[in-house]
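Under full-length UniProt numbering, the first residue of the sequence shown is numbered 1, with each subsequent residue one higher.
Here is the structure we will look at.
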Amino acid sequence: MWIRTGNLTTYHDACHNDPKYLGSTGFLPALQSYVCRWNNTCYNQSSATDEFNGESSFWRRISSFTDSLSTILNDQRTSSYLSEMFSELNISTSHGDLWNGTIQATKDQNNFSQSIPNIIIKALFENPIDLANLHQSWFLNQTHNSLSNLAVAAQIYLASIQTGFAYSYQSDIDIQQSFCIAGEFNRTFSVSEKQVNETNNFLCYDLSAEDLKSFLISVQHQLDEQFLADVQSSTVQMPFDPSKIMHTMNELRRHLNTLNVNFPMDMSNTSISVSSLCGGRNDLSSSTDQNNSSNTENAQTRATRNASLFAIDWDGLESELISYNESEMCLQSYTITIGGLIKVITVNRPCRCVLLDQVFSSNSILNQFLAILRPILYGKIYYSPSNIHYDNIIKQINQTFESLDELVKVLRQLRLPMKSTLETYQFMCNTFSNFSAMCEQIPTYRRMLTLSVILTEFIACTELNRFESMNRESDMIKAGQNASLTNNFLAAITFMDDISNNASLPKHVRFKIRMTHDLVDNTFHTADRYFTYAPRTSVPLSTKYHSYTFIYLQNAIERAIISAHTGTNLSYGIETQQMPYPCWSSDQFVKSISRMLPLLMVLSWIFTVSMNVKDIVQEKEKRLKEIMKIMGLKDSVHWFTWFILCTTAMILTAILLVLLLKFGKIIQFSNIFVLFVFFIAYTFATITQCFLISVFFNRANLAACGAGIIYFLLYLPYTIVINYDAQIKTWQRVIACLSSTVSFGIGCDYIARFEGMAQGIQWFNLNKSMKPNDNFTVLYCIIMMFADSIIYMLLTVYIENLFPGEFGIPQPWNYPFKKSYWFGFDAQNTDQQQNDVENDQGDVGVNITNLSKYYGNKMALKNLSVKFYRNMITAFLGRNGAGKSTTWSILTGLIPPSSGTVYVDGYNILTDIKLIRKRLGFAPQYNILFDLLTVKEHLEFFSQLKGASKELIQSETEKMLIDLTLENKAENYSTALSGGMKRKLSIAIAFIGNSTTVILDEPTAGVDPYARRAIWDLILKYKPGRTIVLSTHHLDEADLLSDRLAIISSGELKCVGTTMHLKRKYGEGYNLVVELKSDENQQQDHNKHSMLFQNLTDVLRRYMFDLNIKEEHGDQITYVIKDDVEHTKVFPVMLAELDENKTKYHIKSYGLSNSGLEQVFLRVADEITRPEDYERLSQWKKFQNRLRKLFQTEDTPKNASVENENNDEHLQTNTGLSGKIVCISAGTGPVNTGKSPVEILK
């Protein structure tokens, strides 16, 4: 905003360019137009008249001069005067050596007013004095540097016959310096060597400067009188009459007034200027860019500029050019680089052309101009194919160059007589300069002659044998590439119709002109690569077709074709006029911000994008997302929630940016509501882009870094689009806009261009294009950003379902095209599956079938098959790493199985996981609670996730609060609850929402006994109608709560059944512990003590012959009794016997107990490590195992156990005291690398 306060906006007037003539108007007008209007200057209004045809134009002067000269030469009297004058002058010139400029005179002291000794005067006049030297410019104040002796004589004579004539002299000091120091003393007086020093010292040091000047003037006057007297006495001997010449000169001046009126060459500057050629417009002399407003001129300021052109000694150049013979050739070298090698190429050219090239190259401005002219002067023009019709067209074009040759010859022929006449005329003016104003025009005539000589030699450098035929276009290309290195290639013409000599010329002749790529505009685009509001007038980049003569050649070919068809030559020429350009403004700030705004926006939102992606991925990394999905969260609700959250923050940022851009005057003219819509579209696209980026990451920190990089990389295509803007088509631009940052960048560029027009983006120009051949608009950018939002969201959902990452079940690639995805499961197939399960097993809630899971090459589950029944609590037990957590993860859809599947209420987790999650409740090992939700809000929130009705939510919530005894804490945040209350709330969340299948992972972990008891009551109360599966490390809890137990080890199921039957199957039986009375004597008599144990044992064996002694320790002995009907039925009689004979058998006390669940767990869950069970077997090992099984003869309990598992039809579901035990042989299984559910969720 601070930068905006600076005056960075420049307003420019309209641009009108002068017309340019093509070659059809004539060579000289085309040349004048090409040179004089080279800079293509902008004017604020068009010119009413063409300056080239004005009164002051160069060619009008030439025409006026020609007409006046014709009038003078046709006048007999003027011709007589010229003949007479030239005759007298020639005579005087031929006798110019009759007087050597000296005169002998005798003077004494009396002849001078100065006090000069006679000895000095005698020494001075002893020898002849050079009178001619006293009439030179060092003494006389005259313009001519040197006068001949004859001119001095004429000057003395003419001065004598004029009344009141007086010479003008130099200053005293200048005369003294010239006479004493510059050597004019020795040139004027011939003093002997003996007296020269004395004489010189007296005149230069003894006389003052004023006295010296007076003395020399007196000498001149006296010698002039003596000269006139001498001449008067010898007049009859002179070959010319000066008075006659003067009379003829005066008469001639009267007739030359016509010349001065119609061709007024009154310029006093004797240097060559462009104004002398351009008729008052010095366009070429400016070396600055004419497109700037400071260079813009109006019609009233188009005045003549008389500045010297490029500070070159044109007279010296003319003399040096003439010093070379016309046919003399010189070598010109070119230094080129080919493949990194520097190579010097030499060509033969006329020495005059080489000299011009060297002189022009020495000037920086002319050197640039010459770089353009070299191909025009020397370049060949190739054409193909060659036949009689095309040759005739080329021949007619070549007539222009033939006429140039004739023009050069004529100009060279005129140069000699013009120069001779000018020299003679110069002599006349030197002689009679005080009598004719015409002498003042001599510098102008000389300048025109110099210009004509240089122009003639410049034209003579033009390649006359210009056209050369080629057989094929490829030959022209190859030849042009080689010739262009030495500026010997201009263009190649390809006639597209290949016709024979006998055929007629087509009415529509198609041809193409090929030039080197840097001499013509790129035809692949219609606008400059970098957009600007300035008119396209810069030379030569914006005027290549004119500057490099493409349009001249095209016009010549077309006129030749017309002439070939019509048989006539067109009598008119073509004048080209560039279209005017309206007034415009240049805002440097907007121009800069148009390119920087997209980048600044990307950079400003990189942090926001990174944090958004990090938060989304962090939710996935902590399994919060999957836990909520397990509890019934829909993908649409999940993403919509994140969209609302991100939109709230980013919309505020967008609003602030719009206000900053508008009221900070960064974007002054645009409608604020249009800007707001534009930024809203970009915000939506950015948010959904964050969603799309998040699906590729599973780690939050890595996602934060990667999101910023990806977000910035998606901006980079914008730089390509903007740099190749003119070449990119609309459909390509649409594809590029699939990146929202690219679409935003293009929109910013369009908005900046509207700002540059002082119009801004408005509702009415929202769909208006800003560039030629570009149908893309700001509206398209907005639409593309909204479309990007939809596309990104669809890709997010698709990729997330296809590659859910570490947690989640992947869908097949074509899942959007499946009926089940849009309309749910196949009800008929599901009902059939449910009926099959019920008919086979009863009311099965969860059916795990051949479930296997590999982590890399490690096995976590191996063909696990087990059923969990409805209205029952099943304890799923195992050691740490046995595979419980992996089973929970697969069952809840966190991870996909490697093989096998799970059916929950008849629905397959691989295909119907969304339906399963609506019926599933899950309580992980740790509490999933939100800090900013109350207890009641937690229950309501998770009920809504499962799609429960409002009535059910309200009733279940109130009921849960009562059952949990949390009525008083209903409005408290979760952070205000104790650990036990939080755990009860987590268990309640699993049951809420009418969950039919509930999975509890260590439900009472970390709670006090009171809360533990409350959780037990809650689980038992909500058991009816649900399939409850829990895992715990408290075996007493499992023994108390569970109806059935399933124990796994190393990823394999070991056994499953009721607790009583598992104890019978894997327990030791009943333990009878008897403690005997002890005294000091018995303790000392070990044999007697053993005898008492033996007597007791014999008594008991009368009831149970297979009674076994487990251990003896001190006074205590432990017996093991089998747990069966035969043994349990004798318990009353046996125990009564012990009660009646306690004293007899010395019994202090006894106790009878059954085997504990811990004993069963330790026996069944023991692991045997075998490496082959830990790794996925190769196909060869699998084949070997099949062969071993095929030839194995002994029966193993494993096969029987599996069969029994599959035939568990007598299972009682309402009691824990009966039912058939299903056992699986205790074979070794794979190492379980799975984690507990608590560890997974963390």
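For each residue, glycine too, the CB sits at the ideal point set by N, CA and C.
These numbers were taken from a predicted model, which means no experiment stands behind them.
- Secondary structure in the stretch 1026–1102: the beta strand (DSSP E) runs of 3 residues or longer, each lying completely within the stretch, are 1027–1031, 1044–1049, 1052–1057 and 1070–1076 in chain order.
- The Cβ neighbour count for Y855, taken over all protein chains shown within 10 Å, is under 16; the residue is labelled exposed.
- Here T887 is near L864, since their CB atoms are less than 8 Å apart.
- Taking C-alpha positions only, A123 is separated from I156 by approximately 25 Å.
- Contact check for W639 against F697 fails: the beta carbons are separated by 8 Å or more.
- Where P350 is concerned, the enclosing beta strand (DSSP E) starts and stops at L341 to P350.
- Rounded to whole angstroms, the separation of the alpha carbons of V1029 and L877 is 10 Å.
- For the alpha helix (DSSP H) assignment, the uninterrupted runs of no fewer than 4 residues enclosed by the stretch 553–636 are, from N- to C-terminal side, 588–621 and 624–630.
- Checking the DSSP bridge columns, you'll see S899 partnered with S852.
- For T532, there is no enclosing beta strand (DSSP E), as DSSP marks it with neither H nor E.
- Its chain contains V613, A707 and I710 as the residues whose beta carbon lies nearer than 6 Å to that of I693, once the 5 sequence neighbours on both sides are disregarded; these appear in chain order.
- With a minimum length of 4 residues, the unbroken runs of alpha helix (DSSP H) contained wholly in the stretch 928–966 fall at 935–945 and 950–963.
- Contact check for G745 and Q668: beta-carbon distance about 21 Å, past the 8 Å limit, so the pair fails to qualify.
- Distance from the CA atom of M418 to the CA atom of L407, rounded to whole angstroms, is 16 Å.
- For the options P810, N801 and Y718, the alpha carbon positioned closest to that of C781 is the one of Y718.
- H12: member of the beta strand (DSSP E) spanning T9 to H12, first to last residue.
- Taken through DSSP and simplified to helix, strand or coil, A752 comes out as helix.
- Collapsing the DSSP output to three states places G183 in coil.
- Considering only A758, K771, V695 and M793, the residue with the shortest C-alpha distance to P804 is V695.
- In this structure the stretch 572–582 does not lie against the stretch 733–741, because fewer than three pairs of beta carbons, one per stretch, are closer than 8 Å.
- Under DSSP, H16 forms a beta bridge with Y43.
- The secondary-structure analysis by DSSP pairs K380 across a beta bridge with F489.
- Where M872 is concerned, the enclosing beta strand (DSSP E) starts and stops at M872 to G878.
- For N201, there is no enclosing beta strand (DSSP E); the residue is found in the alpha helix (DSSP H) stretching over E193 to N201.
- A direct Cα-Cα distance of roughly 45 Å separates K950 from S1050.
- Nearest Cα to V219 within the set A30, N127, L1135 and F112: F112.
- Cβ contact annotation for Y545 (same chain, cutoff 8 Å, sequence separation greater than five): V520, D521 and I551, in chain order.
- For N723, the enclosing alpha helix (DSSP H) covers residues P717 to N723.
- Using a 10 angstroms sphere on the CB of W642, the tally of other CB atoms reaches 16 or more, which defines it as buried.
- Straight across, the Cα-Cα distance linking A752 with W584 is about 14 Å.
- With a cut-off of 8 Å on Cβ pairs, the stretch 368–380 is in contact with the stretch 453–464, counting three or more such pairs.
- Boundaries of the alpha helix (DSSP H) harbouring K982: G979 to F991, taken from the DSSP string.
- In this structure, P1024 sits near N871, with a CB-CB distance shorter than 8 Å.
- Buried is the label assigned to I895, since at least 16 other Cβ atoms lie within 10 Å of its Cβ.
- Boundaries of the beta strand (DSSP E) harbouring D1001: T997 to D1001, taken from the DSSP string.
- Under the 10 Å beta carbon count, N118 is surrounded by fewer than 16 other beta carbons and is classified as exposed.
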